[in-house]
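Chemist: In the working numbering, the protein residues as written are 261 to 661. Even glycine gets a Cβ: it sits at the ideal position worked out from N, Cα and C. Predicted model, so just to flag it, every value in this text is computed and none were measured. Sharing a structure with you now.
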Amino acid sequence: MPLLRPRSGFSATLGRAGAVVSASSVLAAGVAFAVNLLMARSLGPDSRGDVALLLSVAYFVTPVTLLGVDRLVLRQGGVGPAHLGGYVLVLNVVATAGLSIVLGWSAVVVGAVSLCGAMTVVARARALHSGHVRTFALLFVSQQAGILLTSVGLFVAGVTDWRLWALGYCLAAPVFAVVELRSALRRDALPVGRLALTLLPGAVAALVVTRVDRVLLGSLGGAYELGLYVTVATATEPVFWISQALADRRSSTAHDRTGRLAVDVAVFTATSTVLSVALWFAVEPLFGPQFAPAKAFIVPLGVAGILLALYRQGIAALVRSASPRRASVVELATAAVALPVYVVAVTRWGAAGAAWGSAVVYLVGLLASRAAGRGLGTRAAQPASLVPPDLPATQPARAEP
């Protein structure tokens, strides 16, 4: 049975939600660039790398606490940050307690960042599917404002302790925790079904593909190289944010999006080229002379940014297809390739190896996603056995009052 078409009024609501989410991606890119600049000027490559390594660990905790629900929301709707039933908060407390054995106080930062990330991801997905943007806007703006204002304050005060800069990412956590507790008190239980759990491995694999290079570089190459690498990588991330917003919008609709490859290539290539050229001339004036060696990573990371953007579009097409499991298969296969590539590249060539290795990994993922998507149509209604009982199989969830 095909998906029911939403009414024109509901379509307009979805369009506005998509615009809000797209604008949030632009805001996130701007905040990330500003914070990256302030942090680099204040901390230098070594301490900048320490912060990056801690955040990378937090990003790996996030999908585990979500159990694949963010991807399920894009396909089915009906679940959102106000319906998580407090389980994200519980899992974060458990994860924080476990990590504290190894990380000490740093586990608090990891838990707080993963909590904010988990709820923001689902809020974004639900806003795209249902048109309800209020919760997403509250969570997202509080998080970004907290990070930016804290970073500005630390920069003005001349703080050079990287631990205090890392704590800036935790300020929004109380807001997120309150939202979680409210949902738990209302007994808004989360229906986690087999389809959500099926999508979970792909979510974890996606982080392996995009973040394990930083963890390995920080562990094998040291904080100095990671600091140089992540400074350039963050400055080129607007391409990824644009791609992610576009991928989310495409994943939340049943309209056919085939034939967009040429347009995507042109847009992402132009954006990455402009950013890379500007960054080449701006590295030393913006970040300081100690970051001059980072210029060697601009070209490979610019190429990697284009390939990653195209790869995410391929995954979005598979998530919205009649066979969403193929998305997880492709991401798992790409992650299996990524691990040995990154280990060898980082061990032999350090940050340069991580940069070129990421380009190779993203190219493999892009080719695999294109191959897996051949012959697949856009998504159809899922069989009842694949849809959690509390989720509508065909109709997007209505916006909350």
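Can you tell me which of the three DSSP states SER581 falls into?
Modeler: SER581 falls in the strand class under three-state DSSP.
Chemist: Alpha carbon to alpha carbon, how far is TYR319 from SER374? Give it in angstroms, no decimals.
Modeler: 6 Å
Chemist: Which of the three DSSP states is assigned to GLU497 in this structure?
Modeler: coil
Chemist: Select from LEU567, ARG308, THR491 and GLY364 the residue whose C-alpha is nearest the C-alpha of ALA526.
Modeler: LEU567
Chemist: Got a sec, what are the start and stop residues for the alpha helix (DSSP H) PHE547 sits in?
Modeler: 521-547
Chemist: How would you write the range of the alpha helix (DSSP H) that GLY418 sits in, first residue to last?
Modeler: GLY418 -> no alpha helix (DSSP H), and no H or E assigned at all.
Chemist: Taking 8 Å as the cut-off, does the stretch 521-539 touch the stretch 575-594 (at least 3 CB pairs, one atom from each stretch)?
Modeler: no
Chemist: Just the C-alpha distance for SER366 and LEU359, rounded to the nearest angstrom, thanks.
Modeler: 9 Å
Chemist: Could you round the C-beta distance between VAL280 and VAL354 to whole angstroms and report it? I think they count as a contact, below 8 Å.
Modeler: Rounded to whole angstroms, the Cβ separation of VAL280 and VAL354 is 33 Å, and the two are not in contact under 8 Å.
Chemist: Which class does LEU431 belong to by DSSP, given the choice of helix, strand or coil?
Modeler: DSSP places LEU431 in coil when its eight states are reduced to three.
Chemist: Assess, as a yes-or-no matter, whether the stretch 309-319 is touched by the stretch 484-492 under the definition of 3 or more beta carbon pairs within less than 8 Å.
Modeler: yes
Chemist: To which residues of the same chain is GLY304 closer than 6 Å at the C-beta, ignoring the five residues directly before and after it?
Modeler: GLN550
Chemist: Report yes if the C-beta distance between GLN573 and SER285 is below 8 Å; otherwise report no.
Modeler: Cβ atoms of GLN573 and SER285: not closer than 8 Å.
Chemist: Is the separation between the beta-carbon of ILE407 and that of VAL490 shorter than 8 Å?
Modeler: Taking 8 Å as the cut-off, the Cβ atoms of ILE407 and VAL490 do not count as close.
Chemist: Is the beta carbon of LEU535 sitting closer than 8 Å to the one on THR494?
Modeler: no
Chemist: Would you identify the three-state DSSP class for ARG301, choosing helix, strand or coil?
Modeler: helix
Chemist: Are the CB atoms of ALA595 and VAL435 nearer to each other than 8 Å?
Modeler: no
Chemist: Can you find a heavy atom of the ligand SAM that lies under 7 Å from the Cβ of ASN296?
Modeler: Here there are no bound small molecules, and the ligand SAM is not part of this structure.
Chemist: Compare the Cα-Cα distances from TRP671 to each of ALA598, VAL597 and LEU297 and report the closest residue.
Modeler: Since the first residue of the chain shown is 261 and the last is 661, residue 671 is not available in this structure.
Chemist: Is it true that the CB of VAL604 sits closer than 8 Å to the CB of VAL620?
Modeler: no
Chemist: Please go through the same chain and pick out, in chain order, the residues whose beta-carbon is closer than 6 Å to the beta-carbon of LEU561, but skip the five residues on each side of it.
Modeler: Correct list, in chain order: VAL492, ALA493, THR496 and ALA615.
Chemist: Excluding the 5 residues flanking VAL317 on each side, which residues of the same chain have their C-beta closer than 6 Å to its C-beta?
Modeler: VAL370
Chemist: What's the C-alpha gap between VAL475 and ALA397?
Modeler: 30 Å
Chemist: Excluding the 5 residues flanking ILE575 on each side, which residues of the same chain have their C-beta closer than 6 Å to its C-beta?
Modeler: ALA587 and SER629
Chemist: Among SER307, VAL350, ARG308 and ASP306, which residue has its Cα nearest to the Cα of LEU326?
Modeler: Of the candidates SER307, VAL350, ARG308 and ASP306, the one whose C-alpha sits nearest the C-alpha of LEU326 is VAL350.
Chemist: Quick one: is ALA554 buried, meaning 16 or more other Cβ sit within 10 Å of its Cβ, or exposed?
Modeler: buried
Chemist: What is the rounded straight-line gap between the Cα of PRO498 and the Cα of ALA289?
Modeler: Taking the straight line joining both Cα atoms gives about 5 Å.
Chemist: THR420 and GLY377 - do their beta-carbons sit closer together than 8 Å?
Modeler: no
Chemist: Helix, strand or coil: which one does DSSP assign to GLY364?
Modeler: coil
Chemist: Hey, SER618 and ALA564 are a contact pair by Cβ (cut 8 Å); roughly how many whole angstroms apart?
Modeler: 4 Å between Cβ atoms; contact.
Chemist: Relative to the C-alpha of PHE415, which residue among ALA283, ARG301, LEU599 and PHE541 is closest?
Modeler: ARG301
Chemist: Please report the straight-line C-alpha distance between ASP516 and PHE547, rounded to a whole angstrom.
Modeler: At ASP516, the pLDDT of 48 sits below 50, so the modelled position is not reliable; the number obtained from the coordinates is stated separately. For ASP516 and PHE547, the distance between alpha carbons rounds to 43 Å.
Chemist: May I have the straight-line CA-CA distance separating VAL412 from ALA292, to the nearest angstrom?
Modeler: 12 Å
Chemist: Have a look at ALA522 and ALA577 and give me their C-alpha separation to the nearest angstrom.
Modeler: In this structure, the alpha-carbon of ALA522 lies about 15 Å from that of ALA577.
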